[in-house]
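Each remark here refers to the structure printed beneath this line.
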Amino acid sequence: MTATTLVARTGRAIRLGAGDSIAIVNLFGQQVVDTWAISAVDPTTVLSMAHTRMANGRVFVQEGDALVGSDREPMLTLETDTSSGRHDTLIPACDPARYRQLGAVGHHDSCTDNFRDALHELAIPAPGQVPQPLNLFMNVPVGPDGTLGIEPPTSRPRDRVTLRAVRPLVLVVSACPQDLAPTNGAHREPRDIELRLRPCFDHAGGRSVS
1 MTATTLVART
11 GRAIRLGAGD
21 SIAIVNLFGQ
31 QVVDTWAISA
41 VDPTTVLSMA
51 HTRMANGRVF
61 VQEGDALVGS
71 DREPMLTLET
81 DTSSGRHDTL
91 IPACDPARYR
101 QLGAVGHHDS
111 CTDNFRDALH
121 ELAIPAPGQV
131 PQPLNLFMNV
141 PVGPDGTLGI
151 EPPTSRPRDR
161 VTLRAVRPLV
171 LVVSACPQDL
181 APTNGAHREP
191 RDIELRLRPC
201 FDHAGGRSVS
């Protein structure tokens, strides 16, 4: 297992082979992690929240669920979840326009920029439109009348979610830089997270694929 820290407000792209798993650890609690996946075989196939909701028949994902691509086939499995299980599939990634709406002046880090920058580091072209992410640990309650709220996360320090790749893909994560709304807690302070990569090994003791 390899553990690395992802600094608050930044993103990273990681190549995963089929069977590889990654644990996303909320070191301090209440840090939202925008999460995407892109097929390593066909980069036009991306993790799709609309198809994931359809496949699982729910707005919220939970332990054991398949996370489904735009081709309607599983890309990842949500293998374990030690948090309260509050993760969002509805809210788009923060972007410069959102921060301007919230009153930011000048440059502000964003998850959409982190997504593009992380893919650029691996020389992977980013899609023209940033896909809807899986917002791990984000607390977006849905009211009886269909209204949406954004409330402080209920995750605790060292809560973690483990995702297992069903096929070769590139996983992109962003430690959300939102500090103008309670997305990352009432303190509005983005924090570091930890990534724990566990490769899949074949019966001969070698790396399966990466």
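Counting in UniProt numbering, the sequence shown runs from 1 upward without gaps.
From the three backbone atoms N, C-alpha and C, an ideal C-beta is built for every residue, glycine too.
- Around LEU169, the same chain offers LEU16, ALA37, ILE38, SER39, ALA40, MET75 as residues with beta carbons nearer than 7 Å, after the five sequence neighbours per side are excluded.
- Per DSSP, PRO131 lies in no beta strand (DSSP E) segment and is marked neither H nor E.
- Counting along the chain, MET54 sits inside the alpha helix (DSSP H) bounded by residues 49 to 56.
- Excluding residues up to 5 positions away in sequence, SER21, ALA23, GLU79, THR80 lie with their Cβ nearer than 6 Å to the Cβ of THR162 in the same chain.
- A direct Cα-Cα distance of roughly 16 Å separates VAL25 from THR77.
- Contact fails between the stretch 103 to 118 and the stretch 60 to 71, because fewer than three Cβ pairs, one in each stretch, are under 8 Å apart.
- In the structure shown, THR154 adopts coil according to DSSP, grouped into three states.
- ALA13 has VAL172 as its beta-bridge partners, per DSSP.
- Closest in C-alpha terms to ARG98, from the list THR2, HIS120, GLN178, comes GLN178.
- The straight-line gap separating the alpha-carbon atoms of MET1 and ALA165 is approximately 15 Å.
- In this structure, the beta-carbon distance from ALA8 to GLN31 falls below 9 Å.
- Contact between the stretch 123 to 140 and the stretch 89 to 96 is present: 3 or more CB-CB pairs across the two stretches fall below 8 Å.
- The alpha helix (DSSP H) runs lying completely inside the stretch 76 to 156 and spanning 4 residues or more are 96 to 101, 111 to 121, given in chain order.
- Between ILE193 and LEU27 a beta carbon distance of about 6 Å is seen, short of the 8 Å cut, so the two are scored as contacting.
- The three-state secondary structure of THR44, taken from DSSP, is coil.
- Residue range 21 to 26 is occupied by the beta strand (DSSP E) that includes ALA23.
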